[in-house]
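Q: In my numbering, the protein residues as written are -15 to 609.
The beta carbon of each residue, even a glycine, is placed where N, CA and C say it ideally should be.
Given the structure is predicted, the values throughout are model-derived calculations rather than measurements.
1. What do you get for residue 431, buried or exposed, if any count of 16 or more other CB atoms within 10 angstroms of its CB means buried?
2. What is the rounded straight-line gap between the Cα of residue 558 and the Cα of residue 278?
3. Could you tell me if residue 234 is buried or exposed, where buried requires 16 or more neighbouring beta carbons within 10 angstroms of its beta carbon?
4. Report the three-state DSSP secondary structure of residue 574 (helix, strand or coil).
5. Could you check which residue in 425, 472, 445 has the C-alpha nearest to that of residue 451?
6. If distances are taken between C-alpha atoms only, which option among 141, 486, 582, 194 comes closest to residue 531?
7. If you reduce the DSSP assignment to three classes, tell me which class residue 247 lands in.
8. Determine contact between the region 494 to 509 and the region 412 to 426, defined as no fewer than three beta-carbon pairs at a distance below 8 Å.
9. Here's the rule I'm using: 16 or more other beta-carbon atoms within 10 Å means buried, otherwise exposed. How should residue 391 be labelled?
10. Which residue wins for smallest C-alpha separation from residue 239, given the options 329, 57, 321?
11. From the DSSP output, in three-state form, read off residue 388 for me.
12. What does a CB cutoff of less than 6 Å around residue 525 pick up in its chain, not counting 5 residues either side in sequence?
13. Once you ignore the five residues that flank residue 29 on each side, which residues in its own chain have a CB closer than 8 Å to its CB?
14. Please classify residue 464 as buried or exposed, where buried requires at least 16 neighbouring CB atoms within 10 angstroms.
15. Taking the beta strand (DSSP E) that residue 326 belongs to, which residues open and close that run?
16. Taking 7 Å as the cut-off, decide whether the C-beta atoms of residue 536 and residue 417 are in contact.
17. From the DSSP output, which residues share a beta bridge with residue 477?
18. By the three-class DSSP mapping on this structure, what secondary structure does residue -15 have?
19. Starting from residue 630, trace the alpha helix (DSSP H) both ways and give me its first and last residue.
20. Classify residue -7: buried if its beta carbon has 16 or more other beta carbons within 10 angstroms, exposed otherwise.
21. Mapping DSSP to helix, strand and coil, what is residue 281?
22. State yes or no: is the C-beta of residue 518 within less than 7 Å of the C-beta of residue 569?
23. DSSP state of residue 141, grouped into three classes?
24. Measure the Cβ-Cβ separation of residue 402 and residue 287 and say whether it is below 7 Å.
25. Could you name the residues that DSSP lists as bridge partners for residue 487?
26. According to DSSP, is residue 520 helix, strand or coil?
27. Specify the secondary structure class of residue 159 as computed by DSSP and reduced to three states.
28. Considering only their Cβ atoms, is the gap separating residue 40 from residue 15 smaller than 7 Å?
29. For residue 193, which of helix, strand or coil comes out of DSSP?
30. Which first and last residues belong to the beta strand (DSSP E) in which residue 399 is found?
31. Can you find the residues in the same chain that come closer than 7 Å, C-beta to C-beta, to residue 415, ignoring five residues on each side of it along the sequence?
32. Beta-carbon separation of residue 574 and residue 404 under 7 Å?
33. Rounding to the nearest angstrom, what Cα-Cα distance links residue 81 and residue 98 in this structure?
34. Please name the residue or residues paired with residue 365 in a DSSP beta bridge.
35. CB-CB under 6 Å to residue 255, same chain, minus the five flanking residues each way: which ones, in chain order?
36. Looking only at C-alpha atoms, which of 3, 23, 32, 116 sits nearest to residue -10?
The following block contains the structure:
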């Protein structure tokens, strides 16, 4: 092949590559290399195709050869970094992106890729700077605006995140992931109606996205207008669209139907760590009879911590499955012969419901992190208690209801929690109310109720604290909501995220905690009463609105459970009017909670074991004959 023909072949290959005809492009690149083995550009772009095909090792090898021949090609350095990042070599990837920028400082793709690598290393400020550089050199860079929004949202800078996502949508209005990201940022600000509208639009653009659909379902639980029948209908639609088609691939299970044998339990979660899942799961695992149960953990947890280590130690088998596809994970569960498989995520982020839709285990149960039905026919049971799902609510769950006698969770109080302090009102001269729940739970309806309480007690103050309340735009919105009901700005303090120990210490400044509605606090409620602060709650009909009644009843302190929102106001005002009684409640709270069923791991594990043995025996009976 003459030299001119080599060049023509390369140019044609590049045209195929740009058009997405990768097989044709690869064939021509290889022809060029057959004649001219040191053709740097052919090696480079052949490596890019390998990267696009999910073969990072080959990509790194090919692009490294290209760079050896031409080290001054910024595009090759940038693509080399992308391939290294795909190998998990973050430091090497960052170095490659920086070399590309030394060669071409105004290279938007290199700035964008550098930002993503820095974000992955937990360096948000550096990532934000890199994304802003990418945008400076290419203001129409959709990816950079979207990626900037993601980091800003994670850092709680929600107003800036919303602006970044809106700019991305101006550049490409039909990009469904950016409608979902915008919706999540808006939900983080408590702007639920706008968030729901974003999710609905994203689903219209990409109706086959089970991720977008799950995110939409999860946010419905925060909306005051949501009902049990409405949730059932919405979740059934998810099942029909994303889960039912997988039923055709169900296969018989090979699990031996022996009623008395050791039962193999599997738990799947992205939150085996310092998270409500960890706090509510660990006492069960550490007290479960290992002669009766063999426990296998399937972890998608991104970063291990001290709670991860406890959970892993309490399991017989631990599998890190973050790199597995849903189909591969389902196959692994079948290979492990799991008898009862637990979903610990529902429709929350990074869920594995598509694994459960493949029915890898004969018995499948949803529990913990989600707050209601999954909608999946493949999930047999939902684990609850008499207060979370009363009998009248059962028809609105696709799953059969299993009830623990006390609470559907068992709370593990942190061993390093600060001591309960004296009642702050005695020193302050005024009562301090607080809610440490996230903005999506802090609805305008809830603000109106809290304003009624503050209006009844003119010297009282309130603290709102959680991620999102350090976002200036969010704070302005909530000040305006309180002001609309006559509450001056200086009576409501907003604080953002802080480490768990500091959150617990903040309760030493609080006299009375006010729960949210319709989505109650969960771990927040348990932490509050552990720190000696009573929680005023009001149950509704949906699962999310019944955490308070479940946890406070199990803790033996049901006296602050209201029958309606007017009663909620009455209870809060009455508590604030009797400081000696409030101080006495505070001083004895931790001892009562510690001795209650809420924290009794042995009692919980015994009831759990009996419940699962009954479920297993029922399944075995269906297999006879």
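A: Per the coordinate set shown:
1. It is buried - the Cβ of residue 431 has at least 16 other Cβ atoms within 10 Å.
2. So the alpha carbons of these two residues sit roughly 50 Å apart.
3. exposed
4. helix
5. 425
6. 582
7. strand
8. Cβ pair count under 8 Å is three or more, so yes.
9. Answer is buried; the Cβ neighbour count reaches 16.
10. 321
11. coil
12. 212
13. -3, -2, 1, 9, 13
14. exposed
15. 324 to 327 is the extent of the beta strand (DSSP E) around residue 326.
16. no
17. Residue pairing by DSSP puts residue 477 in a beta bridge opposite 447.
18. Residue confidence is low: residue -15 scores 43 on pLDDT, short of 50, so the model does not pin down where it sits. No coordinate-derived value is stated.
19. The question about residue 630 has no answer here: the residues shown for the chain are numbered -15 through 609.
20. Residue -7 should be labelled buried.
21. strand
22. yes
23. In the structure shown, residue 141 sits in coil (DSSP, three-state: anything other than H, G, I, E or B).
24. no
25. According to DSSP, residue 487 bridges with nothing at all.
26. In the structure shown, residue 520 sits in a strand (DSSP, three-state: E or B).
27. coil
28. no
29. coil
30. Looking at the DSSP string, residue 399 is not in any beta strand (DSSP E), and its letter there is neither H nor E.
31. 409, 441, 444, 495, 496, 560
32. In this structure, residue 574 sits near residue 404, with a CB-CB distance shorter than 7 Å.
33. 6 Å
34. 349, 384
35. 261
36. 23
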